[in-house]
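> Residue numbers (the working numbering): 9 to 446.
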């Protein structure tokens, strides 16, 4: 009995030291996230801007595995980089995501899974160069726990960690909302960081904003990069934002995206601009987020002249012509009054139009609630909401991406995705080809 009690006491002491160490580590890292602005990010490990870096082994093939795959942001990033890659497995519980995924990427039915909880990845051990995913935040029970792998059981994060354990990828990228670092008073991240380390990975993490990597959207996400073999790694430094949200708009849009004429005068009037009720041609869109009750059609954009008069050099590779716009995308007078109101009760909102940088896109924006965090545009004196194509552009998806689902589903999918350009910066910074196979 004495021997057992001694063993238990030693176990408790060791766990207490472990918890204290992890808390200290997480606090230190969290302070880094808060105190180090992106503009002062750690110098690049390869000595120059990530945009100027070239891949060392472009002939190699990246063996890719993804979980909670959505519409395939990392797959689209690899396509844009023209890197050879093979999708070993991917999966998502959303049937619409599967439809979009199969319409855009080369994958066989046998390599797709619907439910991460029933996915057995053991047969892929040693076959994955890069694993990418991002599970929703879920709190862990900390009572009597040792901050180990089994403590995450019952959460979707556990499934991601389990697949890491089963496949042993050379590199993994775990993306999540910025609030993860403080979720459940920091305990959630404490467990995650501990588990990643226990699985044998060097863990690097930082909050990155898409507006610092070429996309005019204020979207902050935490990116956790795990290397199975320790390396010197610094996150890619921010680059100057060269484009505004306006540059991502379509030339011609179906009339269904436009508001009714009666709401235009309010949005574009000098009086409302002076009082800051509206903002024309702002810089950065607010973040497209998921699981919030605000609609996705938010920031207002004003077109002061006809599209044909806009200098061609103002548009980048994302701008393509669309023949016409459908009437259903215009806001009705009733909806216009709701959208342009300044807030009710304890809910305060700003009425802003024509922002250069879009607000964050939310998967639930299609529900058409308030405009305070939404994206609206004016076109030739008319206000309209963003089209699904424009929302995808603001997530870094080029127009080669096939939209095969309803507008509602397309809005949700874009709002749930990862910004492709941020992934491109990470892939170039780590030189992902070093981990590929011939």
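Glycine residues also receive a C-beta, built at the ideal position from the N, C-alpha and C atoms.
In this text, all values refer to a predicted model and were calculated from it rather than measured experimentally.
Is residue 231 near the ligand MG, in the sense that its beta carbon is under 7 Å from a heavy atom of that ligand?
Among the components modelled here there is no ligand, and therefore nothing to report on the ligand MG.
> May I ask which residues mark the beginning and end of the beta strand (DSSP E) holding residue 201?
Position 193 of the chain shown holds residue 201. Premise fails: residue 201 lies in the alpha helix (DSSP H), 195 to 206, not in any beta strand (DSSP E).
> In angstroms with no decimal places, state the Cα-to-Cα distance between residue 440 and residue 416.
Translated into positions along the chain shown, residue 440 becomes position 432. Translated into positions along the chain shown, residue 416 becomes position 408. If you take the alpha carbons of residue 440 and residue 416, they lie about 34 Å apart.
> For a test of the three-state rule: what should DSSP assign to residue 110, helix, strand or coil?
The residue you call residue 110 lines up with position 102 of the chain shown. Helix.
> What number of angstroms, rounded off, separates the C-alpha of residue 250 from the C-alpha of residue 220?
Here residue 250 refers to the residue found at position 242 of the chain shown. Here residue 220 refers to the residue found at position 212 of the chain shown. Each residue's Cα considered, the two are about 10 Å apart.
> Could you please give me the residues that DSSP links to residue 366 through a beta bridge?
Along the chain shown, read from residue 1 onward, the residue named residue 366 stands at position 358. Partner(s): 225.
> Would residue 392 pass as an interface residue toward chain B - the criterion being a Cβ-Cβ separation below 8 Å?
No chain B appears in this structure, which consists of one protein chain only.
> Under 8 Å between the Cβ atoms of residue 71 and residue 135?
For the purposes of this step, residue 71 is taken as the residue at position 63 of the chain shown. For the purposes of this step, residue 135 is taken as the residue at position 127 of the chain shown. Taking 8 Å as the Cβ cut-off, residue 71 and residue 135 qualify as a contacting pair.
> Using 10 angstroms around the beta-carbon of residue 208, count the other beta-carbons present and answer buried if the total reaches 16, otherwise exposed.
Position 200 of the chain shown, counting from 1, holds the residue named residue 208. Flag for residue 208 reads exposed.
> Using the rule of at least 16 other Cβ atoms within 10 Å of the residue's Cβ for burial, across every protein chain shown, is residue 109 buried or exposed?
As a position in the chain shown, residue 109 is number 101, starting the count at 1. That one is buried.
> Take residue 202 as the anchor and find which of 216, 407, 433 and 165 has the nearest alpha-carbon.
The residue given as residue 202 occupies position 194 in the chain shown. When only C-alpha atoms are compared, the closest one is 165.
> Alpha carbon to alpha carbon, what distance is there between residue 216 and residue 430?
Here the question's residue 430 lines up with position 422 in the chain shown. Here the question's residue 216 lines up with position 208 in the chain shown. Spanning the two alpha carbons is a distance of roughly 8 Å.
> Would you report the Cα separation of residue 256 and residue 398, rounded to the nearest angstrom?
Your numbering for residue 256 matches position 248 in the chain shown. Your numbering for residue 398 matches position 390 in the chain shown. Approximately 6 Å, taken between the alpha carbons.
> Give the DSSP-derived three-state secondary structure of residue 83 in the structure shown.
Numbered from its first residue, the chain shown carries residue 83 at position 75. Note: residue 83 maps to helix in three-state DSSP.
> Using 10 angstroms around the beta-carbon of residue 265, count the other beta-carbons present and answer buried if the total reaches 16, otherwise exposed.
What you label residue 265 is simply residue 257 of the chain shown in a count that begins at 1. With 16 or more Cβ atoms within 10 Å of its Cβ, residue 265 is classed as buried.
> Would you kindly work out how many angstroms separate the C-alpha atoms of residue 123 and residue 132, rounded to a whole number?
By 1-based counting over the chain shown, the position of residue 123 is 115. By 1-based counting over the chain shown, the position of residue 132 is 124. One C-alpha to the other measures close to 17 Å.
> Would you mind sorting residue 90 into buried or exposed? The rule is 16 or more other CB atoms within 10 Å of its CB.
Residue 90 sits at position 82 when you count from the first residue of the chain shown. Answer is exposed; the Cβ neighbour count stays below 16.
> Quick one: what's residue 72 bridged to in DSSP?
Counting from 1 along the chain shown, the entry for residue 72 is found at position 64. Beta-bridge pairing links residue 72 to 95 and 138.
> Have a look at residue 437 and residue 212 and give me their C-alpha separation to the nearest angstrom.
As a first step, residue 437 must be located in the chain shown, where it is residue number 429. As a first step, residue 212 must be located in the chain shown, where it is residue number 204. In a straight line, the C-alpha of residue 437 is about 13 Å away from that of residue 212.
> Less than 7 Å between C-beta atoms, sequence neighbours within five positions excluded: which residues of the same chain meet that for residue 101?
Taking the first residue of the chain shown as position 1, residue 101 is located at position 93. Correct list, in chain order: 122 and 123.
> If distances are taken between C-alpha atoms only, which option among 262, 143, 392 and 95 comes closest to residue 184?
Counting from one through the chain shown, the residue named residue 184 turns up at place 176. The shortest C-alpha separation from residue 184 is found at 143.
> Can you give the Cα-Cα distance for residue 51 and residue 222, rounded to whole angstroms?
As a working note, residue 51 is residue 43 in the chain shown. As a working note, residue 222 is residue 214 in the chain shown. Note that residue 51 scores a pLDDT of 41, beneath 50, so its modelled location is shaky; the value from the coordinates is reported in the next line. Taking the straight line joining both Cα atoms gives about 19 Å.
> Please name the residue in 253, 206, 247 and 180 whose C-alpha comes closest to that of residue 225.
Numbered from 1 along the chain shown, position 217 holds the residue referred to as residue 225. Cα-wise, what sits closest to residue 225 is 253.
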